[in-house]
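For the sequence shown, counting from 1, position 68 maps to 84 in our numbering; every step adds exactly one. Glycine included, every Cβ here is placed at the ideal spot set by N, Cα and C. This report concerns only the one structure given below.
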Amino acid sequence: AELSGKKVALYGLGDQFGYGDFFIDAVGWLHEIIQPMGADIKGYWPVNGYEFTESRALSPCRTYFYVLVMNIFFG
Numbered sequence: 017a018e019l020s021g022k023k024v025a026l027y028g029l030g031d032q033f034g035y036g037d038f039f040i041d042a043v044g045w046l047h048e049i050i051q052p053m054g055a056d057i058k059g060y061w062p063v064n065g066y067e068f069t070e071s072r073a074l075s076p077c078r079t080y081f082y083v084l085v086m087n088i089f090f091g
């Protein structure tokens with residue numbers, strides 16, 4: 017599929033404490049698939065305030081997520 021010039025908004029819902037080793041990885045996989053197709057991706061979000069070990073949804077500089085992130089906590 018060709019997505020050149022198409023605006024795409026991504027968001028992820030996850031649990032940074034229960035799943036901190038792979039926090040919102042699924043949306044990182046989506047980014048890896050649609051970004052090379054030319055999509056104009058919206059929704060980048062700063063990592064400040066989140067506590068997690070690793071995420072595929074992190075930018076290479078590790079200062080923002082590729083997506084809007086919403087953390088849930090069931091405790």
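Check: Looking at D56: is its Cβ nearer than 9 Å to the Cβ of V85?; Outcome: no
Check: For V63, name the three-state secondary structure that DSSP assigns.; Outcome: coil
Check: Starting from A42, follow the alpha helix (DSSP H) in both directions and report where the run begins and ends.; Outcome: D41 to I50
Check: Excluding the 5 residues preceding and the 5 following S20 in the sequence, name in chain order all residues of the same chain whose CB lies nearer than 6 Å to its CB.; Outcome: G54
Check: With a CB to CB cut of under 8 Å and the five nearest residues on each side skipped, what residues in its chain are close to K58?; Outcome: K23, V24, A25 and L26
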